[in-house]
Amino acid sequence: MQAKMNFKTSLLALVMLAVLGLSACKEDAIVTTLDPEQLVAGRLGGTWAKPTNIVTPEGVPSEVFGAMRLVLTTDELGKPSEFLGQDCPIIFSGEAGTWAATGSQDDAKVMLTGITPVDEFTAKVNSSSLIISFRMGWENTDTGVTGEGDFSVTLSRQ
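Read in order, the letters of the sequence shown correspond to residues -24 to -1, 1 to 134 in mature numbering (1 follows the signal peptide of the UniProt record, and there is no 0).
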């Protein structure tokens, strides 16, 4: 009789542990579907530097890109968070700002908040490089000539 009671108590305890264990797993479920913004942010997120394949309007030197280094971070949900454009003050102010993205990794539009003079650009990204393109006004301080044109640069993932 005592053995039968110990077996029932042990079985009840085992069932209770299983129920508690399964209910704990539901709280920590991994999100398996990401929205388009999270997918694009995941591809764009990181540090990008070493400008190459620079395209500028006629009469604008490629030096406007300086030693460009871009840092794009994401939050704990994988959404765009902070943006920092370093060593390229003519393009990005060097101040930290925020970013948002729409589109796909093949054709994303990145909108910046708190960053000047460029506050949006298009981006194409793969595992090792990022191509950004934007339209910007410019002025040659030596000649006083002004204009507006298309700029593009390829950066490498760091």
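Glycine included, each C-beta is placed from N, C-alpha and C at the ideal position.
Quick caveat: nothing in here was measured; it's all calculated off a predicted structure.
Apart from the five residues on each side of it in sequence, which residues of its chain come closer than 6 Å, Cβ to Cβ, to residue i?
| i | result |
| --- | --- |
| Gly125 | Pro33 |
| Arg45 | Ala25, Gln62 and Asp63 |
| residue 135 | Nothing about residue 135 can be reported from this structure: the residues present for the chain run from -24 to 134 only. |
| residue 136 | The structure shown does not extend to residue 136, since the chain is modelled only from -24 through 134, so no value can be given for it. |
| Gly42 | Asp63 and Cys64 |
| Asn29 | Thr130 |
How about residue i and residue j: do their beta carbons lie closer than 8 Å?
| i | j | result |
| --- | --- | --- |
| Ala76 | Pro56 | yes |
| Pro27 | Val101 | no |
| Gly21 | Leu48 | yes |
| Thr134 | Thr23 | Just to set this straight, residue 134 is Gln in the shown sequence, not Thr. Yes, the Cβ-Cβ distance between Gln134 and Thr23 is below 8 Å. |
| Ile91 | Ala99 | no |
| Val16 | Gly79 | yes |
Using 8 Å for Cβ pairs, my map puts residue i next to residue j. What's the rounded Cβ distance?
| i | j | result |
| --- | --- | --- |
| Gly54 | Gln81 | Their Cβ separation, rounded to whole angstroms, is 14 Å, which puts Gly54 and Gln81 out of contact at 8 Å. |
| Val94 | Phe59 | Incorrect: roughly 11 Å between the Cβ atoms, too far for contact. |
| Ser132 | Ser109 | So it is not a contact: roughly 17 Å between Cβ atoms. |
Report the partner residues of residue i according to the DSSP bridge assignment.
| i | result |
| --- | --- |
| Lys108 | A small fix is needed here, since residue 108 is Ile in this sequence, not Lys. DSSP lists Ala99 and Val129 as partners of Ile108. |
| residue 138 | Because the chain here runs from -24 to 134, residue 138 falls outside it and cannot be looked at. |
| Ala84 | Gly79 and Ala99 |
How about residue i: is its C-beta nearer than 8 Å to some C-beta of chain D?
| i | result |
| --- | --- |
| Leu(-11) | The chain labelled as chain D is not found in the depicted structure, where only one protein chain is given. |
For residue i, I'd like the list of residues in its chain whose CB is within less than 8 Å of its CB, leaving aside the five on either flank, ordered along the chain.
| i | result |
| --- | --- |
| Arg111 | Glu124, Gly125, Asp126 and Phe127 |
| Gly113 | Pro93, Thr122, Gly123 and Glu124 |
| Thr74 | Pro56, Ser57, Glu58, Phe59, Leu88, Thr89 and Gly90 |
| Ser103 | Arg133 |
Within the same chain, show all residues whose beta-carbon is closer than 7 Å to that of residue i, passing over the 5 residues directly before and after it, in chain order.
| i | result |
| --- | --- |
| Phe97 | Val86, Ile108, Ser109 and Phe110 |
| Leu10 | Gly54 |
| Met(-9) | none |
* Asked: So does the region 114 to 121 actually touch the region 81 to 101, counting three or more Cβ pairs closer than 8 Å?
  -> no
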